[in-house]
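According to the working numbering, the sequence shown is numbered sequentially starting from 76. A short worksheet on the structure shown next.
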Amino acid sequence: MAAPGHPVFTDTSLDKFFARRISAPLLTLAVATLLAAAGNLKFWSTLTAAAGGLSLAHLPLLAGAFLIIVLFFNACLTLASFRFVAKPVLIVLVLMASAASYFIAAYGIVIDRAMIQNVFETDVREATELFSWHLVLTVGLLGLLPSIWIARAEIRFPQGLRGLLGRVGIAGGSLLLAGLLLMIFFKSLAPALREHRELRLLLTPTNTIQALHGYLRSKWSTPVVVAPLGRDAMKGAAWRGQARRTVTVIVVGETARAMNFSLNGYKRETNPLLARQQGLINFSNVSSCGTATAVSVPCVFSAFGQDNYSEAKASSQEGLLDVLAHAGFSVLWRDNNSGCKGVCARVAYEDLSQPGPNARFCEGDECYDERLLEGLPELIRKSTKDLVIVLHQKGSHGPAYAKRYPQGFGRFSPVCDSIEFEKCSRDSIVAAYDNTILYTDYFLSKTIDLLRDTAASEGVDTAMLYFSDHGESLGENNLYLHGAPYMFAPAEQTRVPMMLWMSDHFSERFRIDRTCLMARRTEPLSHDNVFHSVLGLLDVNTAVLNPKLDLFHACTRGS
Ligand SMILES: [Zn+2]
């Protein structure tokens with residue numbers, strides 16, 4: 076027993092603070108809130124700016140976003156809420172988030188794979204340069220203090236089957252509520268997240284986890300060896316004894332959805348020029364491989380098809396453009412988008428998306444799709460080979476639809492010219508989008524005119540195949556933009572336009588039966604048909620061609 080006047084060191088008030096009993100769900104929710112708030116100061120300031128500044132009007136949106144993130148973190152943390160697992164996981168996350176939050180705020184860095192590589196491969200001198208008292212203070216207050224608290228806490232975990240069901244209920248309920256809030260705020264949040272992709276890299280600790288995962292995966296993975304495909308490819312019978320060269324243009328559209336093409340029955344006249352193009356065959360029932368460029372573009376040029384496609388498979392096997400090169404075509408990819416996603420790695424590539432000095436068809440930092448046609452007639456004239464030219468459009472890329480077309484194409488109005496969708500009516504967003512389709516109509520029609528003229532003046536046989544990579548939601552069920560998981564994606568995001576134009580000489584030479592093709596134009600088709608149909612169209616013989624997916628197989632006379 077201690078004598079009066081002698082303090083008892085085993086039970087100080089500090090000890091009391093650090094030895095709390097707490098139920099596991101409450102602790103999880105507290106840590107989720109701490110991570111969302113204190114660990115993400117830069118994220119919140121960026122989102123606030125992206126949403127249009129801090130004002131009373133934007134408060135519900137920001138509060139909604141905060142709740143969504145807390146609920147999402149809570150659901151994830153609940154899955155780790157077991158004895159012996161919870162404490163180390165929570166402590167590591169809290170420490171990691173405090174350090175990340177400091178570096179993001181102090182240096183304006185983003186946490187990605189390259190940054191993690193820097194951290195792992197830096198030397199001691201560099202590391203000590205980063206050390207500061209500010210770092211100690213931030214990590215101490217936001218990381219260490221909560222960590223000590225968690226380490227000393229007496230956590231009461233719900234036991235048995237009831238405890239297990241309770242966790243499932245909390246995780247499921249949190250996700251459900253987060254999903255509900257996301258639906259309510261989607262119109263405002265989606266454009267901000269799309270335009271400010273850095274937000275994804277600012278959200279701690281998911282950024283660090285993602286970056287660590289990417290770093291370790293690339294460190295331990297064996298380098299990708301690209302397997303050859305269609306090395307047996309050869310030009311078939313239709314090529315024998317032909318003196319005329321061929322030029323085939325494949326236009327890869329961006330975010331164009333089928334239902335807003337008047338060729339497919341849309342109420343607004345968005346295709347006035349294509350409607351007058353003689354011999355154009357419009358396929359009205361085509362679905363995309365994915366709902367995002369990064370999926371659809373590699374998928375459509377791969378031999379895998381939607382069911383067997385994966386990013387890893389596509390990047391480790393040659394694709395359509397390689398097979399065409401093996402068959403002797405000269406292949407060129409011209410880009411006004413964000414690159415070819417690996418599809419054109421082994422063929423010629425031109426980036427036309429950056430306005431250089433004296434660049435025509437550019438305004439500010441934006442280049443209109445017409446630029447993809449610049450110099451094309453000369454290029455065709457100078458070449459001595461059969462050409463396949465891919466034109467990758469910027470198309471209808473959102474949310475800044477109004478930036479995608481020159482002024483003269485603003486036929487439908489009033490248009491939404493803000494990326495803050497909550498400031499715009501749905502009609503004005505659709506009007507801006509429809510103007511992008513009107514411009515694409517002009518661009519495709521101009522491409523066909525160019526190919527028709529070249530066919531006549533240069534004596535080459537020409538054709539154009541156009542399809543879009545995926546569609547777009549424009550407020551149907553309060554959904555905007557694209558990228559929904561395919562299983563749940565609405566038709567607005569998965570139904571794409573596709574059309575074919577051939578010069579008369581071209582269709583005669585390859586003996587393509589137009590009447591037969593016209594009869595197939597409402598058949599259900601998909602991106603899966605593209606790989607095989609391009610080879611079929613150009614009469615390329617190879618074992619990788621699947622005649623069942625070749626649109627032209629049944630429509631070639633004498634086959
Ligand atoms: Zn896209």
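We put the beta carbon where it would ideally sit given N, CA and C, even for glycine.
For a test of the three-state rule: what should DSSP assign to residue i, helix, strand or coil?
{"i": "HIS467", "result": "strand"}
{"i": "CYS415", "result": "coil"}
{"i": "LEU624", "result": "helix"}
{"i": "SER293", "result": "helix"}
{"i": "ASN616", "result": "strand"}
{"i": "ASN433", "result": "coil"}
{"i": "MET562", "result": "coil"}
{"i": "TYR541", "result": "strand"}
{"i": "GLN392", "result": "strand"}
{"i": "ALA402", "result": "coil"}
{"i": "ARG95", "result": "coil"}
{"i": "VAL505", "result": "helix"}
{"i": "TYR476", "result": "helix"}
{"i": "ALA174", "result": "helix"}
{"i": "GLN368", "result": "Looking at the sequence provided, one finds Thr at residue 368 rather than Gln. In this structure, THR368 counts as helix in the three-state DSSP scheme."}
{"i": "THR515", "result": "helix"}
{"i": "PRO79", "result": "Model confidence at PRO79 stands at a pLDDT of 47, short of 50, so the residue's coordinates are unreliable; what they give is reported in the following sentence. Here PRO79 sits in coil by DSSP."}
{"i": "GLU453", "result": "helix"}
{"i": "GLU229", "result": "strand"}
{"i": "PHE84", "result": "Model confidence at PHE84 stands at a pLDDT of 46, short of 50, so the residue's coordinates are unreliable; what they give is reported in the following sentence. DSSP places PHE84 in helix when its eight states are reduced to three."}
{"i": "LEU102", "result": "helix"}
{"i": "ARG595", "result": "coil"}
{"i": "THR279", "result": "coil"}
What is the rounded straight-line gap between the Cα of residue i and the Cα of residue j?
{"i": "CYS415", "j": "LEU447", "result": "14 Å"}
{"i": "ARG632", "j": "ASP588", "result": "6 Å"}
{"i": "MET171", "j": "PRO163", "result": "12 Å"}
{"i": "GLN429", "j": "THR366", "result": "25 Å"}
{"i": "THR345", "j": "ASN357", "result": "14 Å"}
{"i": "ARG188", "j": "LYS388", "result": "22 Å"}
{"i": "LEU304", "j": "ASP397", "result": "7 Å"}
{"i": "LYS342", "j": "VAL326", "result": "25 Å"}
{"i": "PRO79", "j": "ARG95", "result": "Low confidence applies here, because PRO79 scores a pLDDT of 47, under 50, leaving its location unreliable and the question unanswered by this model."}
{"i": "ARG275", "j": "ALA286", "result": "11 Å"}
{"i": "HIS81", "j": "ALA175", "result": "Per-residue confidence for HIS81 stands at a pLDDT of 48, beneath the threshold of 50, marking its modelled position as unreliable; no derived number is given."}
{"i": "VAL301", "j": "PHE376", "result": "15 Å"}
{"i": "ASN433", "j": "CYS630", "result": "46 Å"}
{"i": "MET309", "j": "LEU407", "result": "19 Å"}
{"i": "THR297", "j": "LEU134", "result": "48 Å"}
{"i": "LEU277", "j": "VAL185", "result": "6 Å"}
{"i": "ARG596", "j": "MET573", "result": "10 Å"}
{"i": "ALA420", "j": "GLY394", "result": "10 Å"}
{"i": "ALA161", "j": "THR153", "result": "9 Å"}
{"i": "GLY340", "j": "CYS374", "result": "28 Å"}
According to DSSP, which residues form a beta bridge with residue i?
{"i": "SER548", "result": "LEU556"}
{"i": "SER458", "result": "Bridge partners of SER458: none, in fact."}
{"i": "GLU441", "result": "GLU438"}
{"i": "MET574", "result": "ASN357, TYR541"}
{"i": "SER362", "result": "ARG570, SER601"}
{"i": "GLY328", "result": "SER543"}
For a quick check, are the C-beta atoms of residue i and residue j less than 8 Å apart?
{"i": "LEU401", "j": "ARG306", "result": "Going by the sequence as given, residue 401 is His instead of Leu. Yes, they are a contact pair."}
{"i": "SER520", "j": "LEU349", "result": "yes"}
{"i": "ASP642", "j": "PHE404", "result": "Only positions 76 to 634 of the chain appear in this structure, which leaves residue 642 out of reach."}
{"i": "ILE245", "j": "PRO100", "result": "yes"}
{"i": "ILE512", "j": "ALA331", "result": "yes"}
{"i": "VAL169", "j": "PRO233", "result": "no"}
{"i": "ASP444", "j": "GLU425", "result": "no"}
{"i": "ALA228", "j": "LEU102", "result": "yes"}
{"i": "PHE487", "j": "TYR555", "result": "no"}
{"i": "MET190", "j": "ASN553", "result": "no"}
{"i": "GLU329", "j": "ASP536", "result": "no"}
{"i": "ASP614", "j": "PHE581", "result": "no"}
{"i": "PHE261", "j": "GLY139", "result": "no"}
{"i": "SER173", "j": "VAL214", "result": "yes"}
{"i": "TRP576", "j": "LEU399", "result": "no"}
{"i": "ALA477", "j": "VAL490", "result": "yes"}
{"i": "GLY473", "j": "GLU547", "result": "yes"}
{"i": "SER390", "j": "GLY417", "result": "yes"}
{"i": "TYR508", "j": "LEU549", "result": "yes"}
{"i": "PHE518", "j": "VAL361", "result": "no"}
Indicate, with yes or no, if ligand 2 has a heavy atom lying under 7 Å from the CB of residue i.
{"i": "GLU329", "result": "As far as ligands go, the structure on display features ligand 1 and does not contain ligand 2."}
Does the segment 142-154 come close enough to the segment 98-116 that 3 or more CB-CB pairs lie under 8 Å? yes
The segment 175-182 contacting the segment 112-127, beta-carbon criterion three pairs below 8 Å: yes
Measuring CB atoms only, is the segment 372-382 touching the segment 589-605, in the sense that at least three cross pairs come out at less than 8 Å? yes
Counting Cβ pairs closer than 8 Å, one from the segment 474-486 and one from the segment 449-464, do we hit at least three? no
Does the count of Cβ pairs from the segment 530-540 and the segment 553-563 closer than 8 Å reach three? no
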